[in-house]
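Peer 1:
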Amino acid sequence: MMQLALVIDLNVCVGCHACVTSCKEWNTSGSAGPMSDQNPYGADPTGTFFNRVQTYEVGEFPNTETVHFPKSCLHCEDPPCVPVCPTGASYKRKEDGIVLVNYDKCIGCKYCSWACPYGAREFDEQQRVMKKCTLCVDRIYDTSMAENDRKPACVKACPTSARLFGDIHDPESAVSQAIRESGGYPLMPEWGTQPSNHYLPRRKTRIKIHLDELERADNPLKVDHQLPRPAASEPTLDDVVTW
Amino acid sequence: MQAANASSSPVQEVKNTTCYMCACRCGIRVHLRDGVVRYIDGNPDHPLNKGVICAKGSSGIMKQYSPARLLKPLKRRAGAERGAGDFEEITWDEAFATLAERLGRIRATDPKKFALITGRDQMQALTGMFARQFGTPNYSAHGGFCSVNMAAGMIYTIGGSFWEFGGPDLDRAKLFVMIGTAEDHHSNPMKIALSKFRRDGGRFISINPVRTGYSAIADEWVPIRPGTDGALLLAIIHEIIATGLYDREFLVRYSNAGQLINVSSTSDEFGFFVRTDIPTEEACYEPQDKLWWDRNSDRPVVTHQAGADPYLLGEFKLADGTPVKPAFQLLHERVKDYTPEWASQITGIPVEIIRRLAHEMGVTARDQKIELPIAWTDSWGNEHETVTGNPVAFHAMRGLAAHSNGFQSTRALAILMSLLGTIDRPGGFRHKAPFPRPIPPCARTPNDARGVQPNHPLDGMVLGWPSDPDDLFVNADGSPVRLDKAFSWEYPLSVHGLMHNAITNAWRGDPYRIDTLLIFMANMSWNSTMNTAEVRRMLNDKVSDKDGNEEFKIPFLVVCDAFHSEMTAYADLILPDTTYLERHDVMSMLDRPISEFDGPVDSVRIPVLPVSGDCKPFQEVLIELGTRLKLPAFVTPTGERKFRDYPDFITNWETEPGSGIGFLAGWRGKGGEKFLRGEPNPNQWEMYARNNCVFHYELPKSYQYMRNWNKGYLEWSQRHSITRYAEPILIHLYSEVLQRFRCAAQGKGLTRKPPEHLKKRIETYFDPLPFYYDSLEAQVTDKHKYPLAAVTQRPMAMYHSWDSQNAWLRQIHTHNYLYVNTRTARQQGIGDGDWIWVESQWGKVRCMVRHSEAVEPGTVWTWNAIGKAAGAWNLTPDANESQLGFLLNHLISEELPVSVDSARRISNSDPITGQAAWYDVRVRIYKVGADETAPGLQNTSPQFEPMKPYPGMKPRSGILAFLGGRRK
Amino acid sequence: MHPAFSVIFLTTLIGAAQGLFLALFTVQSYAAFKLLPPPDAHAFYGQGSLLALALLGAGLVASFFHLGRPERAWRSIAMWRTSWLAREVIVLPAFVGVVFLYGLAHWLNWHPVLMTLPGGLPVDPSAILGVAGTLLAFALFICTAMIYACVKFLREWHSSLTVINYILLGGASGFSLAAAFAVLSAPELVSFLAGWAAIITLLGLVSRAASLHRNARLQPKSTLQTAIGIKHPRIVQKAQGFMGGSFNTREYFHGQPVAVLRGVKWFFMLAVFPLPLLFLLSGMQGGGAGGLLAAAFVVQYAGLVAERWFFFAQTNHPQNLYYQSIA
Ligand SMILES: Nc1nc2c(c(=O)[nH]1)N[C@H]1C(S)=C(S)[C@@H](COP(=O)(O)OP(=O)(O)OC[C@H]3O[C@@H](n4cnc5c(=O)[nH]c(N)nc54)[C@H](O)[C@@H]3O)O[C@H]1N2
Ligand SMILES: Nc1nc2c(c(=O)[nH]1)N[C@H]1C(S)=C(S)[C@@H](COP(=O)(O)OP(=O)(O)OC[C@H]3O[C@@H](n4cnc5c(=O)[nH]c(N)nc54)[C@H](O)[C@@H]3O)O[C@H]1N2
Ligand code: SF4
Ligand code: SF4
Ligand code: SF4
Ligand code: SF4
Ligand code: SF4
Ligand SMILES: [Mo]
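As you go down the protein sequences, you meet chains A, B and C in turn. Start counting the first sequence at 3; every next residue gets the next number (this note's numbering). Start counting the second sequence at 1219; every next residue gets the next number (this note's numbering). Start counting the third sequence at 138; every next residue gets the next number (this note's numbering).
#1: Give me, in chain order, the residues of the same chain whose beta-carbon lies closer than 7 Å to that of Gly1639/B; leave out the 5 immediate sequence neighbours on both sides.
#2: Using 8 Å as the cut-off, can you tell me whether the segment 210 to 225 of chain A makes contact with the segment 1564 to 1579 of chain B, which would need three or more C-beta pairs spanning the two stretches below that distance?
#3: Between Cys87/A and chain B, is the shortest Cβ-Cβ distance under 9 Å, so that the two count as touching?
#4: Count the other C-beta atoms from every protein chain shown that fall within 10 angstroms of the C-beta of Thr452/C, then say buried if there are 16 or more, exposed otherwise.
#5: Measuring only the C-alpha atoms, how far is Gly1715/B from Pro1659/B?
#6: Can you name, in chain order, every residue of its own chain whose Cβ lies under 7 Å from the Cβ of Val242/A, other than the five neighbours on each side?
#7: Say whether chain C places a C-beta atom closer than 9 Å to the C-beta of Asp46/A.
#8: Taking just the CA atoms, how far does Asp1795/B sit from Val1853/B?
#9: Say whether the segment 1919 to 1932 of chain B touches the segment 1885 to 1893 of chain B, bearing in mind that this needs 3 or more beta-carbon pairs closer than 8 Å, one atom from each stretch.
#10: Just to confirm, are Ala2179/B and Ala1273/B a CB contact at a threshold of 9 Å?
#11: At 4 residues or longer, what runs of the alpha helix (DSSP H) sit wholly inside the segment 59 to 133 of chain A?
#12: At a Cβ cut of 8 Å, what residues of the segment 2019 to 2032 of chain B count as close to chain C, listed as they run along the chain?
#13: Is Arg81/A close to chain C? Criterion is C-beta to C-beta, closer than 9 Å.
#14: Go through its chain and collect everything with a Cβ distance to Val144/C's Cβ below 6 Å, but skip five positions before and after it.
#15: Note down the Cα distance separating Gly2047/B from Lys2145/B, rounded to an integer number of angstroms.
#16: What is the DSSP secondary structure of Phe2180/B, reduced to helix, strand or coil?
#17: Starting from the C-beta of Ala1224/B, find all residues in its chain whose C-beta is less than 6 Å away, skip the five residues before and the five after it, and write them out in chain order.
#18: Are there 16 or more other CB atoms within 10 angstroms of the CB of Met1219/B, so buried, or fewer, so exposed?
#19: Among residues of its own chain, excluding the 5 on either side of Pro1285/B, which ones have a beta-carbon nearer than 6 Å to its beta-carbon?
#20: To the nearest angstrom, report how far apart Val1776/B and Lys158/A are at their CA atoms.
#21: Can you list the residues of chain B that Gly256/C reaches, using a CB-CB cut of under 8 Å?
#22: Does the beta carbon of Ile1947/B fall short of 8 Å from some heavy atom of ligand 7?
#23: For Phe379/C and chain B, any beta-carbon pair shorter than 9 Å?
#24: Cβ-heavy atom distance between Cys114/A and ligand 3 below 8 Å?
#25: Would you call the segment 1265 to 1281 of chain B and the segment 1235 to 1245 of chain B touching, i.e. three or more CB-CB distances under 8 Å?
#26: Taking the alpha carbon of Thr1327/B as the reference point, which residue from Thr1354/B, Trp1310/B and Ile1949/B has its own alpha carbon closest?
#27: Verify the CB distance criterion: does Val327/C have a CB-CB separation below 9 Å to chain A?
#28: Taking Cβ-Cβ distances below 9 Å as the criterion, which residues of the segment 1266 to 1298 of chain B are in contact with chain A?
#29: Over what stretch of residues does the alpha helix (DSSP H) that includes Gly1384/B continue unbroken?
#30: Please report the straight-line C-alpha distance between Ser297/C and Lys289/C, rounded to a whole angstrom.
#31: Mind checking which residues open and close the beta strand (DSSP E) that includes Cys1778/B?
#32: Using 9 Å as the limit for Cβ to Cβ distance, is Gly196/C near chain A?
#33: Pick out every residue whose C-beta is nearer than 5 Å to a heavy atom of ligand 7: which are they, in chain order?
#34: Just the C-alpha distance for Phe167/A and Tyr105/A, rounded to the nearest angstrom, thanks.
#35: Which class does Thr1446/B belong to by DSSP, given the choice of helix, strand or coil?
#36: Am I right that Val1692/B and Thr1722/B are in contact with their C-beta atoms under 8 Å? What's the rounded C-beta distance?
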């Protein structure tokens, strides 16, 4: 059975928030919308977003890593948010594993959000129902779109292509390969939710320079008679041995 | 969701245009439903962004429908103070009549009393041309306060630069060193390239006092003290030369490294290249009349002679006894004392790291060479089977540029890149058409006051590239002709002007007072000005004339803006501009190019929406004004209107009648069959529209590299009128241009001489070889009292001051904090989130602190331009931006005393280029007093009287549920 | 978690109603076995049920304030197979209905003997309704408590103590109320009810103290390290991605300083247990019983409101790891 998911590569994410606003933009006017904003031009503006990019500092100066960390619904394989929903508005689709909310059924009791350890759901203050990432279900199957547009808005937008999209149950898919080969991991594995979205860790490239690489035979200083050598007047073995 | 699979109701229309949520200029597709924007995504067929889009681009909808938009032409209500924002609606007819009358009068009497300054716009080609046609020298754009050090430092060295003129070839680089860049203009393309580079296993080093954004994903972060990059780069050069890790062959053939310089200190020619006697014509290129000391024959020969190979090191005597040294020898001597140990003290970077950086660069450049099977011919006729690349790429921007020692630091970088042999080569630095240019480029301003004549266009360019003191734009007594004193002895190579001093100078009447100031797209009473509170006062300051009538010191102030910015409150006349989705625009190569490494690119905007309210594109305003003022370019010889409107102007205007060169390079010629040069094509706009709004010419492979010395390319570029000459552009390790100014300051030579009080300054800073000096501000600062450097960074999700009106983006950056290294803060008992004062010699602000481990301990920083004046941008007066946000600009002065004990003031700028030294400011921080911690007092300082909405603006809503044309 | 007043009132009001009902039926059972004198059915059972119904009604009203879409509340029974909330929504009206019928039976004095138990005990509709109501009351306690106890990563809640507490605290407040109510309707039962109220209150003290003790020692299972998957001892969030607040910051943070939390804890530990105990015991003896017993209930109920507030506030949702700082 298919399990669609996002794989987010922290190794290249620069924290630009493109995925945040492109998600908002697509979805507010789409079938998951509107995603309302309260006080949009006043104090403490706030609104519904399906995806947020956070920033963490790891380590101490000067050995600090700044990590940008995008987070949306992880489309858990065993989503705790679904069974608790009293109305059935929250559900996980059999065919592709996407976890969705049916706004027509939702009574806005917020119980599902309590049951999500990741804080991935947001209650829409205007429509008064629970909302969350839909994996852009209204894009990915829309055959009226060009083939390469049939992916989530955030994935399409991401300038560093830090967001991969695909079926993590298909071992041949790019996402599965990335998880396998780049050490993809789930968030808060301790709860057994089996998040489908995975994260790829930072990877480092280093250069090792061997000392002898600094003094090569073709050193240009030679050409200009500048390769350092001791002056002829300095002591050498010639001064002390006779053989 | 209504139902799981329901696809959204059909989007009715998709229109292509070019984004303008920032200056990157990506291609976008605007999806409309019932005439309302529903979605904007990246155009996958666009060469810049290849389908991706950024946070700002995706939020374009909220700019279009923002309640901060100005929708009516407005004039200040008679008697109202400037800044009070008390306006009344007028018609465009009235606006045009007022402007035409006033400007007509100025033009007929003293055109320089009209000043036009433009901010982060993309139409300097048009605004500059308008100013020139008007006849005023007083035109400047953001370049001078932005990154002119970057442009000038590199263009005066390699004929091209980072910024928008060239960049790192990350497709082939193996090592990438990014210096002082947070975001920059090549926003999406840089991100695309950077992630690809990392995924392909490239090593990425970031040199920056702060680790965010790009630096976050660097393999290594090298925290550096602000303003000290020059020291680091010189020490790396020292190490590269000491270990012989430079590309000798490259330097010999493609730079002036081997050229002999007269080192006879008694000679008038001291410090100049020795020239052969072959007379050369006066033209804008560098004649090949210099000498090498040939190793084979051990005598001087004309450079690039077949079979010759110069010494790069050593000292020689010409036949007439003149002692000479190759430029490289002088560089070698210059960096002798710039050891890693020395630099470590200054930069705070450990010695081993400096050495290792040098070794990594040198060894990678030397040992990981790329040979591409691309045959090409150099300027001396040598045929090469391959193009070689030394895959070490750099990128640098304002972290290097925005310091008063930035020009020389940038020169050091360009020289380092040249030593490594990475100029216009695969994996290194690559030019973007129309670069490289001759060193310096050919444009010149007039060089004396006679260039400015009533009713006459300016006799020269408004901005230019001086090559010696005689190119300066000064009066006979050496005083500046321009209001901002650009191209004067104070800042001789201020090639982009000094817009940051225009208001202060005009207010003070030094060098003179002006009548009308037209500001386009610049928020000069807020974030693009230094010393903001004072400048706001100056804008509203009055004098009494002899009859006792009060008049503003800057009598008439016109602002063209699209939004309710802080600047608009000071206008006498507001011209409401359209948004980028409502107008025609061109991203011309005559302005900052958007070209790619592989060839020229330009693009257009085509309106996707009707104009809102009574807005009018500024382009149309200029065409109309130019026509009414009968500026020659806009009217026929008999004074009739020449262009119907802006699109018509773009189609038909040529640099000179019949030149075939216009703003757009694509689809020229009657039927669109030509490019770069060709007759006007009546269907040019349609052709752009049909081609994603972008024109991209891909050069043949053999013309894509080594363009400074690529015969094929240079001749091609000459044939297509990109350049006048096809002469090679040698890298200036040693800058004779600078030496000419220094010589003049020493009283030598036949050129003009600087006024007495500037001699020392010119002699000191116009060093033909890069050197390190402490920033000018540091020189007049007690560093014990102000121990910290304060800098700003651009957030990726905000463009300068414009995006606080954007309902989505402002939720990401609602206010700002001052980031302080955790230990630095703790030492002063400052906790995370505490309120503090930040104080410089010039002012102080109250704000909140965030502890951070990602900032060098001697640096504090904040996001740029998040803080707003209360009520501006049609936000409520209690909005976080004004109550919790703050602007660092209050701490930065636009002027400095010349020395600690001098009353004479000079711009807070690089002494060579006039680049605004934003990042030189030194501060101290301390906790707010106990009496200031009451809840009601917890806001930032300074605060200003809240701005009110203007007539004609839409009311702001308390709730937003945007549905893009879909009925709720 | 941010304590939602609708939920606080819902759980405390219906808890008291359930307890009250249990008290009524306890009396009826004792009376059936002749262990207590039968009270005046009209006044005691009838009005008592009415009182319980009033509390239930008030609880229901409060609960609607919690819903974004109260008009769709009926939908919430759909998922009874998996959702304790759905089960609660089913059991609650069933309980209301039974209480109503129970009260009605007593009110109408409708006591036809339906059968006789082996011991010769006659069974009338009120007895059957009483048993049903008792079962439903317990079921409702379990459903309500399990809504919280079943969420395994809300570790302060994820414990059988949560269920026990709901039963005991609801029971205690119900019996206290019953005692106070008996002053008017069945003075002879006051001591009996007050005694039981005191006993349940004491048990409640034990179990609530146990849960406080347990919760104080809970080690968080989720850490910033597991939340973002980076293994390093020093990780600090700088920005959560927005600055003006969001559902995640409003719903899961009580926003009160530790001192308030501590104050609330001490308040409820006093108001729910020793104070009512004092009032109950002295009310059992003294003459001014009415006032003291009423005070016992009022103080205890107020304490329970605080207890429920604390119940939410003390719970640290793992999602909070993601919402630590703005910048
Ligand atoms: N402290 C500090 N200050 C800085 C800098 C820094 O790093 N630190 N950076 C400096 C640099 S490099 C720059 S370039 C400047 C930028 O400073 P500015 O050039 O002043 O840029 P903006 O703040 O974006 O303001 C431009 C104005 O353009 C308006 N605008 C937006 N769209 C349109 C349009 O379509 N038409 C018209 N007519 N107007 C429009 C906006 O409303 C705004 O008022 O800031 C400088 N200031
Ligand atoms: N999203 C977004 N993009 C933009 C803009 C925007 O406002 N928003 N503005 C556009 C404009 S006009 C410009 S000019 C460009 C500017 O693009 P950048 O040059 O990237 O702009 P800054 O944010 O000023 O970046 C300065 C960087 O230099 C670092 N720095 C400061 N001082 C020093 C120093 O002495 N040495 C070193 N090594 N580093 C230092 C700072 O920490 C910061 O990271 O961005 C353009 N792109
Ligand atoms: S992340 Fe949260 S909302 Fe999404 S499926 Fe998992 S538990 Fe449910
Ligand atoms: S808020 Fe809506 S989706 Fe969530 S549990 Fe309640 S009814 Fe289900
Ligand atoms: S998949 Fe779609 S809904 Fe989910 S975060 Fe991305 S854009 Fe938003
Ligand atoms: S768009 Fe991509 S790079 Fe930008 S924040 Fe999102 S995941 Fe990171
Ligand atoms: S980088 Fe600039 S031009 Fe490109 S999409 Fe973003 S805002 Fe628009
Ligand atoms: Mo800039």
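All C-beta atoms, glycine included, are put in the ideal place defined by N, C-alpha and C. Keep in mind that this is a model prediction, so the values were computed, not measured.
Peer 2: Looking at the atomic coordinates:
#1: Taking the second sequence and counting its residues from 1, one reaches residue 1639/B at position 421. Closer than 7 Å at the Cβ level, and outside the excluded window around Gly1639/B, lie Asp1465, Phe1468, Ala1583 and Asn1608.
#2: yes
#3: If you number the first sequence from 1, residue 87/A lands on position 85. No, no contact with chain B.
#4: By 1-based counting over the third sequence, the position of residue 452/C is 315. So Thr452/C ends up on the buried side.
#5: Walking along the second sequence from the start, residue 1715/B turns up at place 497. Walking along the second sequence from the start, residue 1659/B turns up at place 441. Cα-Cα distance, rounded: 16 Å.
#6: To locate residue 242/A, count along the first sequence from 1; it is residue 240. Nothing listed; no residue qualifies.
#7: Position 44 of the first sequence, counted from the start, is the residue given in the question as residue 46/A. Yes, Asp46/A lies at the interface with chain C (some Cβ there is under 9 Å from its Cβ).
#8: Counting from one through the second sequence, the residue named residue 1853/B turns up at place 635. Counting from one through the second sequence, the residue named residue 1795/B turns up at place 577. Asp1795/B has its alpha-carbon roughly 24 Å from the corresponding atom of Val1853/B.
#9: no
#10: Position 961 of the second sequence, counted from the first residue, corresponds to residue 2179/B. Position 55 of the second sequence, counted from the first residue, corresponds to residue 1273/B. In this structure, Ala1273/B does not lie closer than 9 Å to Ala2179/B by Cβ.
#11: 113 to 116
#12: The residues in question are Gln2029, Ile2030, His2031 and Thr2032.
#13: Looking up residue 81/A in the first sequence gives position 79. In the sequence under discussion, the amino acid at residue 81/A is Pro, which differs from the Arg named in the question. So no, Pro81/A is outside the interface.
#14: Locating residue 144/C in the third sequence gives position 7, counting from the first residue. For Val144/C, where only same-chain residues beyond five positions count, the Cβ hits under 6 Å are His203.
#15: Here residue 2047/B refers to the residue found at position 829 when the second sequence is read from its first residue. Here residue 2145/B refers to the residue found at position 927 when the second sequence is read from its first residue. Answer to the nearest angstrom: the Cα atoms are 8 Å apart.
#16: For the purposes of this step, residue 2180/B is taken as residue 962 along the second sequence, with counting starting at 1. Three-state result, Phe2180/B: coil.
#17: Position 6 of the second sequence, counted from the start, is the residue given in the question as residue 1224/B. Because Ala1224/B carries a pLDDT of 43, less than 50, the predicted location of this residue cannot be relied on, and the following value inherits that uncertainty. Once the five neighbours on either side are set aside, Ala1224/B has no close Cβ partner at all.
#18: By one-based count along the second sequence, residue 1219/B stands at place 1. Because the pLDDT at Met1219/B is just 45, under 50, the model does not fix this residue reliably, and the point stays unresolved.
#19: Position 67 of the second sequence, counted from the first residue, corresponds to residue 1285/B. Excluding residues within five positions, the ones whose Cβ falls inside 6 Å are Asn2092, Lys2172 and Arg2174.
#20: The count along the second sequence starts at 1 and reaches residue 1776/B at position 558. The count along the first sequence starts at 1 and reaches residue 158/A at position 156. For Val1776/B and Lys158/A, the distance between alpha carbons rounds to 42 Å.
#21: Residue mapping note: residue 256/C aligns to position 119 of the third sequence, counting from 1. For a Cβ distance threshold of 8 Å, nothing in chain B lies close to Gly256/C: the least Cβ distance comes to about 60 Å.
#22: Counting from 1 along the second sequence, the entry for residue 1947/B is found at position 729. No, since every heavy atom of ligand 7 falls outside the 8 Å radius drawn around the Cβ of Ile1947/B.
#23: If you number the third sequence from 1, residue 379/C lands on position 242. With 9 Å as the cut-off, Phe379/C counts as an interface residue toward chain B.
#24: By one-based count along the first sequence, residue 114/A stands at place 112. Under cutoff, so the answer is yes.
#25: yes
#26: Stepping through the second sequence from its first residue, residue 1327/B is reached at position 109. Closest option to Thr1327/B, Cα to Cα, is Thr1354/B.
#27: Within the third sequence, residue 327/C is the residue found at index 190, counting from 1. No, Val327/C lies away from the interface with chain A (no Cβ there is under 9 Å from its Cβ).
#28: Asn1267, Gly1269, Val1270, Ile1271, Cys1272, Ala1273, Lys1274, Gly1275, Ser1276, Ser1277, Gly1278, Ile1279, Met1280, Ser1284, Pro1285 and Ala1286
#29: Counting from 1 along the second sequence, the entry for residue 1384/B is found at position 166. Here Gly1384/B belongs to no alpha helix (DSSP H); instead the beta strand (DSSP E) covers Gly1384 to Pro1386.
#30: The residue you call residue 297/C lines up with position 160 of the third sequence. The residue you call residue 289/C lines up with position 152 of the third sequence. Spanning the two alpha carbons is a distance of roughly 12 Å.
#31: Counting from one through the second sequence, the residue named residue 1778/B turns up at place 560. Element bounds for Cys1778/B: Phe1774 to Asp1779.
#32: Residue mapping note: residue 196/C aligns to position 59 of the third sequence, counting from 1. No, its Cβ sits nowhere closer than 9 Å to a Cβ of chain A.
#33: Cys1237/B, Met1239/B, Cys1240/B, Cys1242/B, Cys1244/B, Ile1271/B, Cys1272/B, Lys1274/B, Gly1275/B, Ser1405/B and Asn1406/B
#34: Looking up residue 167/A in the first sequence gives position 165. Looking up residue 105/A in the first sequence gives position 103. Roughly 25 Å between the two C-alpha positions.
#35: Here residue 1446/B corresponds to residue number 228 of the second sequence, with the count starting at 1. Correct three-state label for Thr1446/B: coil.
#36: In the second sequence, residue 1692/B corresponds to position 474, counting from 1. In the second sequence, residue 1722/B corresponds to position 504, counting from 1. Not quite, the Cβ-Cβ distance comes to about 20 Å (not below 8 Å), so this is no contact.
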